[in-house]
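Since the structure comes first, as structure tokens, the remarks are kept for the end.
Number of protein chains: 2
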Amino acid sequence: MELNTTTKISEAVIRRLTDYLRCIRCAGEAGRDMLTSLEISERCGLNASIVRKDLAQFGAYGVKGMGYNVRDLTRQINKILGLDKLKDVVLVGAGHLGTAIIRYPGFADVNFNFIAAFDTDPEKIGKTIGQAEVYPVEDLKPFIRKHGIQIVVLTVPSSEAQAIVNDLDPDYVKGVLNFTAVVFPPKQNNMFVHNIDLAKELEVISYCMKNCLSQGS
Amino acid sequence: MELNTTTKISEAVIRRLTDYLRCIRCAGEAGRDMLTSLEISERCGLNASIVRKDLAQFGAYGVKGMGYNVRDLTRQINKILGLDKLKDVVLVGAGHLGTAIIRYPGFADVNFNFIAAFDTDPEKIGKTIGQAEVYPVEDLKPFIRKHGIQIVVLTVPSSEAQAIVNDLDPDYVKGVLNFTAVVFPPKQNNMFVHNIDLAKELEVISYCMKNCLSQGS
DNA sequence: TTGTGAAAGTTATAACTTTCACAAATTGAA
DNA sequence: TTCAATTTGTGAAAGTTATAACTTTCACAA
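Dropping the structure here:
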């Protein structure tokens, strides 16, 4: 099949691709070098044909009768998602969560590189977290301009979130990952904002437990 | 409309309810006491009628011509999701991420109470993080049994994840929130496992940026 | 070289979800 | 009390997504 260039890809497909990527990586680390759609589907809690359909949509990456090659498929999905190139990211708010995020191995796995952190606390400024040095938050704007930063991760206290987002320059910043309790609309000043609620999955589990649902990922 | 007891509620609806809850709370803190479906929809990046339909499905919580009462709606959604009762939760792996999660205010907001943490590092044992004391990981199993713990949050190094999950007693533990890079199937020993990938939203942003999509939350 | 089994790729259909459009209900002002 | 302005709740239509069923292709072994 031809590589899909015209059809609109839904966000649900993209989210599943990230799941495939993760479970394929996980299987690869366990020594597997081929995986079938059935296996991927079981690991992700899906139906096998949706896995095949999702992947076939972007090109025929499998080998009939055999399955998908772990190394190749990883490379292909990385390419689809734009994870094949290193991306510089900055973090604002070097507290517990910010520190944990910079150190979270999952970001490096997908080529996100935290090159700097920003905070108001003078105690923290000048220190390094992982590879990232901590700068005063006043330096954020010029830093973004100078380094052409496109993605900002927000882990400041909720009370400060709005002011920082308002001050981001949409000529540079295209995406914001918001870990604060403030809910931003998905498009803000032409930037994509994704609100992340760590409690969300726990809330979903809570509902599942209460209602004894069997359910997917 | 009668309260829904028969129709199957999809997980997508539940996820949206958690979004509503969050944005309603956020509006409430900003001093609002009524919200219309349109306002909620805009904050969440959705269509207004889906908000109405989602809420109406569980009962008529709105007032025609006026909108939804912030306080009442919060209470209703909390009830639907089973967040109206305090739930004890334990954390395994008291590293950076574990510490950040225990301190994350979003969990307390929805009545999740971290009552203990477990770790292998003798340095950490005996200390407290938030309200939670850190115990040796050997004490996990008896602790779960003694306190009837139903939810476990997993923030250990990936290499240890499998062993800990295998050792959880499904007679007590119903839900696992897995922050490690290991991907577990959604049902493991009759426990609900939710795999959380902090990098996932960044991957989605990456794709959106690459393809200049306009998209929802 | 050919036959066989396995699993990808593909199509058609069923199931589900979202949106539209409007009736019903409520408030507040005239 | 009535009227206008709102906004919910909801049935039907449209649109989308997932599933099942089918066809094709590949690798391997005889």
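In order, the protein sequences belong to chains A and B. Numbering-wise (the numbering used here), the first sequence opens with residue 51 and increments by one. Numbering-wise (the numbering used here), the second sequence opens with residue 51 and increments by one. Cβ atoms here follow ideal geometry from the backbone N, Cα and C, with glycine treated the same way. Treat the numbers as computed from the prediction; the structure is a model and nothing was measured.
Ends of the beta strand (DSSP E) at residue 201 of chain A?
201–204
For residue 182 of chain B and residue 120 of chain B, which I take to be in contact (beta-carbon distance under 8 Å), what is that distance rounded to the nearest angstrom?
No, residue 182 of chain B and residue 120 of chain B are not in contact; Cβ-Cβ is about 31 Å, not under 8 Å.
Please say whether residue 259 of chain A and residue 156 of chain B have beta carbons closer to each other than 8 Å?
no
For residue 178 of chain B, count neighbouring Cβ atoms within 10 angstroms of its own Cβ and tell me buried if that reaches 16, exposed if not.
exposed
Measure the C-alpha to C-alpha separation of residue 68 of chain B and residue 79 of chain B and round it to an integer number of angstroms.
17 Å
Report yes if the CB atom of residue 163 of chain A is closer than 8 Å to the CB atom of residue 135 of chain A, and no otherwise.
no
Less than 6 Å between C-beta atoms, sequence neighbours within five positions excluded: which residues of the same chain meet that for residue 117 of chain B?
84, 85, 86
Within 10 angstroms of its Cβ, does residue 52 of chain B collect 16 or more other Cβ (buried), or is it exposed?
With a pLDDT of 44 at residue 52 of chain B, under the threshold of 50, the predicted position of this residue should be treated as unreliable, though the coordinate-derived value follows. Classification for residue 52 of chain B: exposed.
What residues in the segment 83–98 of chain B bring their beta carbon closer than 9 Å to a beta carbon of chain A?
92, 93, 94, 95
Unbroken stretches of the beta strand (DSSP E), 3 residues or longer, contained in the segment 143–196 of chain A
162–169, 182–186
Since residue 84 of chain B sits in a beta bridge, which residues does DSSP pair it with?
B:119
Determine, using beta carbons only, whether residue 192 of chain A comes closer than 8 Å to chain B.
no
Say whether the segment 203–220 of chain B touches the segment 125–133 of chain A, bearing in mind that this needs 3 or more beta-carbon pairs closer than 8 Å, one atom from each stretch.
no
List, in order along the chain, the chain B residues whose C-beta lies closer than 7 Å to that of residue 126 of chain A?
Within chain B, no residue comes near residue 126 of chain A; the closest Cβ sits about 14 Å away, beyond 7 Å.
Can you check which of these residues, B:159, B:147, B:96, B:250, is closest to residue 167 of chain B by C-alpha distance?
B:147
Is residue 200 of chain B close to chain A, meaning its C-beta is less than 8 Å from at least one C-beta of that chain?
yes
Can you give, in chain order, each stretch of the alpha helix (DSSP H) that sits fully within the segment 196–250 of chain B and has at least 4 residues?
208–217
Residue 182 of chain B: contacting residues in chain A (beta-carbon distance under 8 Å)
Within 8 Å Cβ-Cβ: nothing; residue 182 of chain B doesn't reach chain A, min ~14 Å.
Please list, in chain order, the chain A residues whose beta carbon lies closer than 7 Å to that of residue 233 of chain B.
72, 73, 76, 93
With distances taken between CB atoms, is the gap from residue 105 of chain A to residue 95 of chain A smaller than 8 Å?
no
For the candidate residues A:63, A:252, A:143, whose alpha-carbon lies nearest to that of residue 206 of chain A?
A:143
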